[in-house]
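Worksheet: the structure to be examined is printed underneath.
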Amino acid sequence: MDKIPLLVPLMPTLEQAKAYFAEIDGNRHYTNFGPLSRRLEQRLANDLGVEQENVTTVSNCTVGLELALQARGLPLGARVLLPSLTFVATATAVSRVGMTPVIADIDAEGWSLTPEIARDATLREHIDAIMPVATFGNPQDPALWDAFERETGIPVIVDAAGAYGNQSAGSAIDVVFSFHATKSLGAAEGGAVVSPDPQRIQRIRALSNFGLDVRSGTLVELGTNGKMSEYHCALGLASFDMWEQVKEDRRELYARYMARLRAACPSLQFQNKPESGVYPLMAVLLPEGKDAISIGNRLSNAGIDTRRWYTPALHQQPALRDCTMVGEPMNANRLAGRIIGLPFFLGINDAQIDHVCQSLAAELES
Ligand SMILES: *Cc1c(COP(=O)(O)O)cnc(C)c1O
Numbered sequence: 002m003d004k005i006p007l008l009v010p011l012m013p014t015l016e017q018a019k020a021y022f023a024e025i026d027g028n029r030h031y032t033n034f035g036p037l038s039r040r041l042e043q044r045l046a047n048d049l050g051v052e053q054e055n056v057t058t059v060s061n062c063t064v065g066l067e068l069a070l071q072a073r074g075l076p077l078g079a080r081v082l083l084p085s086l087t088f089v090a091t092a093t094a095v096s097r098v099g100m101t102p103v104i105a106d107i108d109a110e111g112w113s114l115t116p117e118i119a120r121d122a123t124l125r126e127h128i129d130a131i132m133p134v135a136t137f138g139n140p141q142d143p144a145l146w147d148a149f150e151r152e153t154g155i156p157v158i159v160d161a162a163g164a165y166g167n168q169s170a171g172s173a174i175d176v177v178f179s180f181h182a183t184k185s186l187g188a189a190e191g192g193a194v195v196s197p198d199p200q201r202i203q204r205i206r207a208l209s210n211f212g213l214d215v216r217s218g219t220l221v222e223l224g225t226n227g228k229m230s231e232y233h234c235a236l237g238l239a240s241f242d243m244w245e246q247v248k249e250d251r252r253e254l255y256a257r258y259m260a261r262l263r264a265a266c267p268s269l270q271f272q273n274k275p276e277s278g279v280y281p282l283m284a285v286l287l288p289e290g291k292d293a294i295s296i297g298n299r300l301s302n303a304g305i306d307t308r309r310w311y312t313p314a315l316h317q318q319p320a321l322r323d324c325t326m327v328g329e330p331m332n333a334n335r336l337a338g339r340i341i342g343l344p345f346f347l348g349i350n351d352a353q354i355d356h357v358c359q360s361l362a363a364e365l366e367s
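Residues are numbered in this note's numbering as their position in the sequence shown, beginning at 1, plus a constant of 1.
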C-alpha cells in the first residue's frame, strides 16, 4: 500500500472553475471587490442566513481576525483572551494589530474556550476582547456568546477558520472563516468576516483596502492589503457549486470513519462535537500514558502520515513565551501531547481507513 497522506485538499478543477475565469477575462476586473467577490458574498450570506451587508471577503482568515479586532476600536495593548489549544494564527493576529494575547485553558470535552472559561477569566484578569475558536471544526454556540457580549460589553470574535458548514453567525458577535485549500470550503487562499453590524463590515472592508476612504482618497485609519482577488473568489464560487455534495460526502466519511475507529480502538477518545458536522480533518485523543510523537513515528513506519495539531500549545511556543496566562492551562497540558491528526480526506478508501484503524489499534491495545 502506498503511503496514506494526512490530507488531500479538495479544490475545484479547471473545468469546474472555467466559466468563472472566463467571466474575469470579460470583466477585466481582477480584485478590489469586483463582481465575483460580490457574488461570493451573496452566496455566503444566503448559505449563512444573513444579508449581504453582513459579509465581506478577506485575503485569508488570519487577516480577517486582525481586521475584525481592529474594527472593534480597541486600544493598542488591548488584552484579548484566546485558548491555549489553537492554530498559531489566532495569537499572531492579536499581536500583529498591537494587542496582547491572554491565554486561557480549554474545556476537556469540546477542547475549546467556552463562555464559562471566559467568564472565569474576566474575574481574574482584565480582558478587552475574546477570541474563541471553533477547534477542529467544533462550532461555538453563537447564542451563548451573543449573550456573553451583551451582558459583559466585551466584544467576541470567533475564529471559525476550519468550521465553515458548522459554525452559524451571531446577533452580536463576529465570525471569521478560512477558505484555505485545506479547509472544508476551499478557494486556495481566502476568508470571510460575518458580522451582525453592517457598519463593522464596512470598516473591515475599508481596512482590507489599506484603510482608505475610496471616494475621497483619504487614509482614514491604518489598514492593510487584505482583499480576496477575483481569481480566488472564482475558486470559492466553484467550490460552492460542489458544496451540497461535499457536505454530504464529508458527513458520510466522518460517520463511517468514526464507527471503524470506535470498533477497532476502544481506548481511543474523541472530541465532543456534532457527529453530523462537516469536518476537514480527524483529530483524536490517545489514551493517557500514550504520546502522539512515538505513536506518530510508528504509524509513519506503517505508511501512515499523521500530524500533531496544535502542539506545542500556544503557551509553549517560543514566540509567545511572555504571554499572560489565566492560571495553568490544565486541560491543554493534559490533552495537547495526546492529540493526533489521522489521515482524512474525500477519496480515502475503506482499505486505507482500515489500515489506519488496525495500525493504531496495534499500538494502543498492545
Ligand atoms: C487554518 C486556521 C487559521 C488560518 O487561516 P488562514 O485562512 O490560512 O489564514 C486560523 N485559525 C485556525 C483555528 C485555523 O485552523
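The beta carbon of each residue, even a glycine, is placed where N, CA and C say it ideally should be.
Whether Leu37 touches Gly187 by CB criterion (9 Å): To locate residue 37, count along the sequence shown from 1; it is residue 36. To locate residue 187, count along the sequence shown from 1; it is residue 186. No. Outside cutoff.
If we ignore side chains and look at the alpha-carbon of each, how far apart do His181 and Thr153 end up? What you label residue 181 is simply residue 180 of the sequence shown in a count that begins at 1. What you label residue 153 is simply residue 152 of the sequence shown in a count that begins at 1. Taking the straight line from one Cα to the other gives about 33 Å.
Per-residue burial, Ala122 [other beta carbons within 10 Å of its own, 16 or more giving buried]: Here residue 122 refers to the residue found at position 121 of the sequence shown. When all chains shown are included, Ala122 counts as buried.
What separation, rounded to the nearest whole angstrom, lies between the Cα atoms of Gly78 and Asp160? Here residue 78 is taken as the residue at index 77 of the sequence shown, counted from 1. Here residue 160 is taken as the residue at index 159 of the sequence shown, counted from 1. Spanning the two alpha carbons is a distance of roughly 20 Å.
Is Phe137 closer than 9 Å to Gln272 when the C-beta atoms are compared? Within the sequence shown, the letter at position 271 stands for residue 272. Within the sequence shown, the letter at position 136 stands for residue 137. Yes, they are a contact pair.
For Ser113, decide whether its Cβ has a neighbour in chain B, counting only Cβ atoms nearer than 9 Å. The displayed structure is made up of one protein chain only, and chain B is not part of it.
Return yes when the Cβ of Thr101 is within less than 9 Å of the Cβ of Met132, no when it is not. Here residue 132 is taken as the residue at index 131 of the sequence shown, counted from 1. Here residue 101 is taken as the residue at index 100 of the sequence shown, counted from 1. No, these two residues do not count as a Cβ contact at 9 Å.
Can the beta-carbon of Val368 be found less than 9 Å from the beta-carbon of Val177? The requested residue 368 does not occur in the structure, where the chain is confined to residues 2 to 367.
With DSSP collapsed to three states, give me the class of Val81. As a position in the sequence shown, residue 81 is number 80, starting the count at 1. Val81 falls in the strand class under three-state DSSP.
Cβ of Phe180 versus every heavy atom of ligand 1: is any distance shorter than 8 Å? Translated into the one-based positions of the sequence shown, residue 180 becomes position 179. Checking the Cβ of Phe180 against ligand 1 gives yes.
Run through DSSP, which three-state label would Arg339 get? Here residue 339 refers to the residue found at position 338 of the sequence shown. Helix.
Pro397 (DSSP reduced to helix, strand or coil): Past the edges of the chain, shown from 2 to 367, lies residue 397, and the structure says nothing about it.
Quick one: give me the first and last residue of the beta strand (DSSP E) that Thr225 is part of. Start at 1 with the first residue of the sequence shown, and residue 225 comes out as number 224. Neither: Thr225 is in no beta strand (DSSP E) and is coded neither H nor E.
Taking C-beta to C-beta, are Trp112 and Asn334 nearer than 9 Å? For the purposes of this step, residue 112 is taken as residue 111 along the sequence shown, with counting starting at 1. For the purposes of this step, residue 334 is taken as residue 333 along the sequence shown, with counting starting at 1. Against a cut-off of 9 Å, the Cβ pair of Asn334 and Trp112 comes out as no contact.
Cys234 beta carbon near ligand 3 (any heavy atom closer than 8 Å): Ligand 3 is not part of this structure, which contains only ligand 1.
Rounded C-beta distance between Val59 and Ser209? I'm assuming under 8 Å. Against the sequence shown, residue 59 aligns to sequence position 58. Against the sequence shown, residue 209 aligns to sequence position 208. About 5 Å separates the two Cβ atoms, so the contact holds.
Local conformation of Arg216 per DSSP, three classes: Taking the sequence shown and counting its residues from 1, one reaches residue 216 at position 215. Three-state result, Arg216: coil.
Three-state class that DSSP yields for Ser240 in the structure shown: Locating residue 240 in the sequence shown gives position 239, where the first residue counts as 1. In the structure shown, Ser240 sits in a helix (DSSP, three-state: H, G or I).
Touching by the beta-carbon criterion (3+ pairs, under 8 Å), the region 210-218 and the region 43-50: no
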